[in-house]
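Okay, so the sequence shown: first residue is 1034 according to the numbering used here, each after it adds one.
Glycine is no exception: its CB is placed at the ideal position from the N, C-alpha and C atoms.
Just so it is clear, the structure is predicted and the values come from calculations on it, not from any experiment.
Accompanying notes for the structure given below.
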Amino acid sequence: MTSTAAEPQTAEAPPIPARGATRPRWERFAPKVDFALFLGGVAGLLLVLPHEIGGDGEERAKALTQLMTDGALSTNPYSLIGPLFAAPLWAVDRDWLLFYNLFVFVTALVATYAWLRRRADPALLRRTGVILVGASVVAPALANFYGEAFTLAGLGLGTLAAVRRGSTRADRVGRAVGWIAVVLGAANTPATLPALAVTVCLWAFWHKRLRYAIALLAAAALVSAEKWLRYGSPSADPYAGTNDIAVTVMPYSGHGGFSYPIFFGLLGILFSFGKGLVWYLPGLLLPARQLLGRAADELRDAYVLWSCQVGVLVLFYAAWWSWYGGLYWGPRFFLIGILPASLALAANLGDRAAGLAKNLAVLGVTTLSCWVGLAAVVFPGFPRQCTADYFQQEYLCHFTPEFSALWRPFVTRPELDGGQLTVVAYTVVLWVWLAAPLVARIAREIGGRAPRLRDLAVGWRW
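Written out as structure tokens, the structure reads:
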């Protein structure tokens, strides 16, 4: 799955201004501030975010423990591919499994920056990394031993490596590693195979190469092999009969499988106050393809593929009975959406040619994104109504702002401890750092329109 010499070559990195030239003074120390904010965001995810192993995260940990201690394969319905990579941490201390997903996420981000920083605008990469750790909905996936973070690193960031341009040995190795990561990430969450299929089809069509289908075949074979080893059949459905689905006042409750009306599923996934992507991934609303095309071909290609992956997952899960992802803070099944959302926001924050309306929209998205990142770390709990009487009122947490995870703090106004207050202060600094250039551009735009506004006041009579 390597490229031929006929493929487009690497885009040239943006020219670096001469030392002491026309760059504004604040840009000279911007890298240090970005790195400090990145480390601050990671510290919040490590030290303030409550970590636990519960729900299906506990089942994954039990399956790993059973394999490591007894050499036996668990028959629970959750893939062992991601947990297998946690075996070294398990061998050192089982408690380290609490931080496995955080380790995977941060390691993948650092590795991505290391090989992209000379191929794309480093400021854009740093800004994206800061948004991912401090202003995205990644925290819930890192707080437990869930499988989404591994899939994010594999299918998501692996895609960025797989679309690497160039014909050097390093480029070929990078692409191979990327495709391997994509296969492992998709196989870890079999429901993402349709997203991988679209990725492979698009990439094969763009490059007129059939060999990219190997990635899809490999992922499907890996899923089938795991089913055969653990359940006795490559076509087994490990989820069959594993859920005692509550029957509530909601008209389509109590039915499993793909029983939910797709229209209502789409409305819920996109717009519901408790799970809607519009609220939790607002960066998806910003156009970025052209901006990224000027930064690096790899970033543009990855952005398009990520966006398509999110779209496929939305369509796939819209008919699933549990489209909301169960008892989970925010949207669970669409974690990969933080990649195009954060990259789009970072690109638009650096768009100095944008007009007033677009700058105001970007400011709104920046503010909402920072609130999402803050709330996910500081307010990770759920109202008791979400689980009372075996989920009889869970719909309140999905559809009403007063009970949604994102907006509930404005109702309850909980008291904060020192660590949580530190995250609040960090988020304020982060917002100021991201929004200050944007606010300055907005002020200049409004100032430029002031004479026209004054003209409106001339000539009025009684």
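Cβ pair residue i, residue j closer than 7 angstroms
i: residue 1279; j: residue 1423; result: yes
i: residue 1328; j: residue 1153; result: yes
i: residue 1403; j: residue 1445; result: no
i: residue 1128; j: residue 1111; result: no
i: residue 1218; j: residue 1191; result: yes
i: residue 1170; j: residue 1388; result: no
i: residue 1196; j: residue 1334; result: yes
i: residue 1325; j: residue 1251; result: no
i: residue 1173; j: residue 1409; result: yes
i: residue 1401; j: residue 1315; result: yes
i: residue 1289; j: residue 1222; result: no
i: residue 1378; j: residue 1398; result: yes
i: residue 1330; j: residue 1202; result: no
i: residue 1443; j: residue 1416; result: no
i: residue 1077; j: residue 1456; result: yes
i: residue 1382; j: residue 1319; result: no
i: residue 1299; j: residue 1396; result: no
i: residue 1536; j: residue 1271; result: Residue 1536 is absent from the model: the chain starts at 1034 and stops at 1495.
i: residue 1305; j: residue 1138; result: no
i: residue 1392; j: residue 1474; result: yes
i: residue 985; j: residue 1130; result: In the structure as shown, the chain begins at 1034 and stops at 1495. Residue 985 is therefore absent and cannot be evaluated.
i: residue 1260; j: residue 1254; result: no
i: residue 1068; j: residue 1227; result: no
i: residue 1434; j: residue 1440; result: yes
Same chain, Cβ closer than 7 angstroms to residue i, neighbours up to 5 away in sequence not counted
i: residue 1146; result: 1158, 1162
i: residue 1177; result: 1085, 1086, 1087, 1088, 1090
i: residue 1148; result: 1207
i: residue 1384; result: 1324
i: residue 1106; result: 1100, 1262, 1263
i: residue 1295; result: 1351, 1352
i: residue 1182; result: 1134, 1137, 1138, 1174, 1175
i: residue 1140; result: none
i: residue 1276; result: 1289
i: residue 1371; result: 1165, 1169, 1170, 1171, 1314
i: residue 1064; result: 1159
i: residue 1283; result: 1428
Contact belief for residue i with residue j at Cβ below 8 angstroms, rounded distance in angstroms
i: residue 1313; j: residue 1376; result: About 16 angstroms separates the two Cβ atoms, so there is no contact after all.
i: residue 1345; j: residue 1373; result: Going by Cβ atoms, the distance from residue 1345 to residue 1373 rounds to 13 angstroms, so no, they are not a contact pair.
i: residue 1186; j: residue 1114; result: That belief does not hold up - the Cβ atoms of residue 1186 and residue 1114 are roughly 12 angstroms apart, past 8 angstroms.
i: residue 1452; j: residue 1175; result: That pair is no contact at about 16 angstroms.
i: residue 1309; j: residue 1303; result: 6 angstroms
i: residue 1307; j: residue 1390; result: Contact flag wrong, Cβ pair sits at about 29 angstroms.
i: residue 1165; j: residue 1193; result: So it is not a contact: roughly 13 angstroms between Cβ atoms.
i: residue 1491; j: residue 1449; result: The Cβ separation is near 51 angstroms, so there is no contact.
i: residue 1360; j: residue 1420; result: 7 angstroms
Contacting residues, own chain, Cβ-Cβ under 8 angstroms from residue i (five flanking each side not counted)
i: residue 1233; result: 1245, 1246, 1248, 1249
i: residue 1235; result: 1337, 1338, 1341
i: residue 1418; result: 1426, 1427, 1429, 1430, 1436
i: residue 1241; result: none
i: residue 1061; result: none
i: residue 1123; result: 1097, 1098, 1101, 1129, 1130
i: residue 1243; result: 1237
i: residue 1291; result: 1352, 1353, 1354
Neighbourhood of residue i by C-beta, 6 angstroms cutoff - its chain only, sequence neighbours within 5 removed
i: residue 1109; result: 1092, 1096
i: residue 1070; result: 1163, 1463
i: residue 1104; result: none
i: residue 1358; result: 1365, 1366
i: residue 1285; result: 1293
i: residue 1230; result: 1249
i: residue 1054; result: With a pLDDT of 45 at residue 1054, under the threshold of 50, the modelled position of that residue is not reliable, and the figure given next carries that caveat. Counting only Cβ-Cβ distances below 6 angstroms, and skipping sequence neighbours, we find nothing.
i: residue 1156; result: none
i: residue 1265; result: none
Closer than 6 angstroms: residue i CB and nearest the ligand MN heavy atom
i: residue 1460; result: The ligand MN is not part of this structure, which contains no ligands at all.
With contact counted as at least three CB pairs below 8 angstroms, one residue from each stretch, are the segment 1130-1141 and the segment 1352-1371 in contact? no
Counting Cβ pairs, one atom from each stretch, are 3 or more of them under 8 angstroms apart for the segment 1350-1357 and the segment 1197-1213? no
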